[in-house]
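Chains as they are written, first to last, in my numbering: chain B, 1 to 118; chain R, 1 to 148; chain P, 1 to 344.
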C-alpha cells in the first residue's frame with residue numbers, strides 16, 4: 001500500500017512539472033516527451049534517478065523520464081559487459097521492449113480503427 | 001499599419017494582455033491526480049508481475065501492458081478525451097508516448113500502410129527515440145572513457 | 001489609377017454586383033451552435049460517407065455549390081467562372097469537389113480570408129464585364145485542418161484558451177449583374193500584415209492587425225467611419241482577436257462599438273461547445289455570412305454591412321522554420337435590399 005502511495009506521489013509530481021512546462025512555455029507534447037527522455041537519461045547517468053526509482057517505483061519508471069533512465073542504465077551495463085561496442089547496443093537494447101510494443105500495438109490498432117472526429 | 005519593431009513590441013504586450021492564460025493551477029491539480037493514478041496503477045501491476053518474475057521482466061511486462069492499454073484507448077478515441085482533461089498527466093507517462101505513436105498511425109492510415117501508417121507513426125515519437133538514443137550514446141561514451 | 005479605384009486600396013463597382021443566392025452546408029457541431037437553425041443543409045456525419053477527411057470536404061463543396069446554383073434558379077453551365085478555395089495543401093478539396101462542374105476555375109488561397117477573396121474577384125469579374133454569373137465560395141474541415149496544421153485527432157493534448165475551432169462546411173454564393181438582391185458596392189483588398197506573432201494557437205492575434213489595416217484603409221479611402229455601417233463582421237478572429245481589433249482601432253481613432261462582431265464568435269457557443277476563443281477556418285466567415293447575415297440583408301434589416309474575412313498565411317513548414325504568422329483580410333461592402341430604391 002505504501003509503495004502505491006509513493007508511486008502516486010512521485011508520478012504525480014513528475015506530471016505536474018510537465019504541466020507547468022506546457023502552460024508556461026507553450027512547448028508541445030512532442031517536445032515535452034523529448035525533454036523527459038533526455039532528462040531521465042542524464043539523471044540516470046549521474047546516479048540521481050536511481051534513488052528516485054527505488055523510492056517511487058512505478059512512479060519513477062512509468063513517466064518518460066523512466067524510459068530515459070532505462071537507456072542510461074542499459075548503456076552503462078552493456079559497456080560493463082561488452083566494452084566499447086556496448087555504447088552502440090546498450091541503450092536501445094534496454095528500450096527495445098517498449099519500442100517494439102508501441103510499434104506493434106500502434107500497427108494493430110491502426111489496422112482495425114479509423115480516424116474519428118473529436 | 002505601423003509594423004516597426006517598436007509597434008511589434010507594443011502589439012506583443014497587447015496580445016499578452018488580451019490572451020487568457022491557461023488555468024495553470026487547475027491543470028496542475030488534474031495532471032497530478034491523473035498522472036499519479038496512472039503511476040499508482042502501474043505500481044499495482046508491477047507488484048503483481050514481480051511476484052513471479054525477475055525485476056527486469058516485471059518492468060518490461062509493466063511497460064508492455066500500459067502501452068497496450070493506451071493503444072486500445074487511443075483506438076476508441078478515449079485517450080484523447082482523457083488528455084483534454086489531464087494534460088501532462090496523460091502525456092508524461094509511457095501511455096502518452098504510446099498515444100503519440102498510435103494516433104498518427106491511425107490518422108495517416110488513409111495515405112496507405114507503408115507511407116501513411118508506417119512512415120507517419122513516428123512523427124511525434126521519432127524525436128523521442130532519436131534524442132534518447134543520442135543521449136544514451138553520449139552517456140555510454142563518457143562512461144566508457146571516464147566513468148568506470 | 002483605374003477609373004473605379006478610390007483611394008489606395010478600394011474599388012467602387014459601377015452599379016454594384018448582386019448576390020443572387022447563397023447556400024451553407026455544415027456539420028453536426030456547427031448545427032448545435034447558436035446559428036444552427038439558419039444553415040441550409042446539415043450533414044451529421046462529418047466524414048460525409050467518404051473515405052477520408054479530405055474527400056469529405058470535397059463532398060461538402062460539391063453539394064453546397066450545386067445547392068447554391070439551384071437556389072439561384074440557374075444551371076451549373078450558366079456560371080461563367082468558379083472561384084473558390086480551402087485550407088488543404090494545394091487547395092485539393094476545391095479541386096476534387098468541383099472537377100465535375102466543368103466551369104472555368106480560379107483556385108484561390110487566402111487561408112481563412114478566402115470567402116472575401118472569392119467575393120471580391122467574382123464581383124470584379126462581373127463589374128468588369130467579363131462574366132454574367134460567377135460562383136464563389138470557401139470551405140474548411142475541422143479534421144482535415146487538424147491533421148494538416150496541428151496534430152492527429154486522437155492525440156491527447158490540450159487546446160489553450162486562445163485556440164480556435166475550425167468550422168466544417170462550405171459557404172457559397174452566386175454573383176450576378178442584375179436583380180433585386182443584396183449588392184456588393186465597394187471592395188477593399190487587404191495587404192499582408194506581419195506583426196511578429198508566432199503562436200499557432202493564437203490565430204486571432206496573428207490576424208487582428210491585418211483586419212485593422214484593411215479597416216483603417218477602407219475608412220480612409222471611402223471617407224466613412226464604423227458608424228456608417230449597421231454591421232461590421234470580421235471572419236474568424238474569435239474573442240481574443242476581436243478585443244485586439246477594438247483596442248488597435250481605438251489607437252487609430254475609431255470606435256468599434258456593438259455593431260462590430262466576429263463570425264467566429266457568432267457561430268459557436270464557446271462555453272457550451274468548448275470552442276475556446278471561437279470558430280475559424282475558411283468556412284467560418286463563409287457559412288456565417290451565407291446563413292446569418294445574408295437573410296438580414298435580404299429583408300432590409302441590415303442596410304449596409306462591412307464583411308471582412310480574415311486569414312493567417314502560414315504553413316506547417318513555415319511555422320516549423322520559425323517564421324512569423326502574417327495575416328490578411330479583405331473587406332467587402334454589401335448593401336441590403338432596403339436601399340435598392342436609392343440605388344435605383
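The beta carbon of each residue, even a glycine, is placed where N, CA and C say it ideally should be. Please read these numbers as outputs of a predicted model, since none were measured by experiment.
Interface residues of chain P facing residue i [CB-CB closer than 8 Å]
i	result
residue 8 of chain R	195 and 196
C-beta atoms of residue i and residue j nearer than 9 Å
i	j	result
residue 79 of chain B	residue 86 of chain B	yes
residue 109 of chain R	residue 101 of chain B	no
residue 306 of chain P	residue 232 of chain P	yes
residue 238 of chain P	residue 264 of chain P	yes
residue 12 of chain B	residue 32 of chain R	yes
residue 222 of chain P	residue 6 of chain P	yes
residue 63 of chain P	residue 43 of chain P	yes
residue 281 of chain P	residue 244 of chain P	no
residue 348 of chain P	residue 278 of chain P	As displayed, chain P neither begins before 1 nor continues past 344, which places residue 348 of chain P out of reach and without an answer.
residue 63 of chain R	residue 98 of chain B	yes
residue 287 of chain P	residue 39 of chain P	yes
residue 92 of chain B	residue 64 of chain B	no
residue 35 of chain B	residue 27 of chain B	yes
residue 194 of chain P	residue 325 of chain P	yes
residue 143 of chain P	residue 46 of chain P	yes
residue 25 of chain P	residue 170 of chain P	yes
residue 139 of chain R	residue 76 of chain B	yes
residue 29 of chain B	residue 22 of chain B	yes
residue 10 of chain P	residue 187 of chain P	yes
Limits of the alpha helix (DSSP H) - the one that residue i falls within
i	result
residue 8 of chain B	2-25
residue 311 of chain P	Looking at the DSSP string, residue 311 of chain P is not in any alpha helix (DSSP H); the run it does join, the beta strand (DSSP E), is 310-312.
residue 87 of chain B	86-112
residue 18 of chain P	Unbroken run through residue 18 of chain P is the beta strand (DSSP E), 10-27; no alpha helix (DSSP H).
residue 79 of chain R	78-86
Buried versus exposed call for residue i [16 or more other C-beta atoms within 10 Å across all chains shown]
i	result
residue 274 of chain P	exposed
residue 130 of chain P	exposed
residue 344 of chain P	Model confidence at residue 344 of chain P stands at a pLDDT of 38, short of 50, so the residue's coordinates are unreliable; what they give is reported in the following sentence. By the neighbour-count rule (16 or more Cβ atoms within 10 Å), residue 344 of chain P is not buried but exposed.
residue 272 of chain P	exposed
residue 148 of chain R	exposed
residue 94 of chain R	buried
residue 174 of chain P	buried
residue 130 of chain R	exposed
residue 114 of chain R	exposed
residue 342 of chain P	The predicted position of residue 342 of chain P is uncertain, since its pLDDT is 46 and thus under 50; a value taken from the coordinates is nonetheless stated next. Residue 342 of chain P comes out exposed.
residue 87 of chain R	buried
residue 242 of chain P	buried
residue 209 of chain P	buried
residue 304 of chain P	buried
residue 3 of chain P	exposed
residue 43 of chain R	buried
residue 158 of chain P	buried
residue 4 of chain B	buried
residue 121 of chain P	buried
residue 322 of chain P	exposed
residue 75 of chain R	buried
Residues that residue i contacts on chain R, provided the C-beta gap is smaller than 9 Å
i	result
residue 47 of chain B	None at all; the shortest Cβ gap to chain R is about 10 Å.
residue 92 of chain B	129, 132, 133 and 136
Per-residue contacts from residue i into chain B (C-beta, under 7 Å)
i	result
residue 157 of chain P	29
Chain-ordered neighbours of residue i on chain P, where CB pairs are closer than 9 Å
i	result
residue 74 of chain R	154, 155 and 156
Beta strand (DSSP E) segment containing residue i, residue limits
i	result
residue 163 of chain P	Per DSSP, residue 163 of chain P belongs to no beta strand (DSSP E) and is neither H nor E.
residue 37 of chain P	Looking at the DSSP string, residue 37 of chain P is not in any beta strand (DSSP E), and its letter there is neither H nor E.
residue 82 of chain B	Where residue 82 of chain B is concerned, there is no enclosing beta strand (DSSP E), although the alpha helix (DSSP H) it sits in stretches over 64-82.
residue 28 of chain B	Element bounds for residue 28 of chain B: n/a, residue is neither H nor E.
residue 346 of chain P	As shown, chain P starts at 1 and ends at 344. That puts residue 346 of chain P outside it, with no answer to give.
residue 331 of chain P	331-335
residue 133 of chain P	133-140
Per-residue contacts from residue i into chain B (C-beta, under 8 Å)
i	result
residue 46 of chain P	117
residue 78 of chain R	Neighbours of residue 78 of chain R on chain B: none; closest Cβ ~10 Å, over 8 Å.
Under 7 Å by beta carbon: chain R residues contacting residue i
i	result
residue 99 of chain B	129
residue 243 of chain P	18
residue 104 of chain P	Those within 7 Å of residue 104 of chain P in chain R number zero; the least Cβ separation is about 31 Å.
residue 87 of chain B	137, 140, 141 and 144
Proximity test, residue i beta-carbon vs the ligand NAD heavy atom, cut-off 8 Å
i	result
residue 44 of chain P	As for the ligand NAD, it is missing from this structure, which has no ligand bound.
Neighbour list for residue i in chain P, Cβ cutoff strictly below 7 Å
i	result
residue 26 of chain B	199
residue 163 of chain R	Residue coverage of chain R in this structure runs from 1 to 148, which leaves residue 163 of chain R outside it and unanswerable.
Chain B residues whose Cβ lies nearer than 9 Å to that of residue i
i	result
residue 5 of chain R	The contacting residues do not exist; residue 5 of chain R stays about 22 Å from chain B at best.
Closer than 8 Å at the beta carbon, the chain R residues around residue i
i	result
residue 3 of chain B	43 and 47
> Taking a cut of 9 Å between CB atoms, which residues from the region 14-25 of chain R lie near chain D?
Replying inline: Chain labels in this structure do not include chain D; the protein chains are B, R and P.
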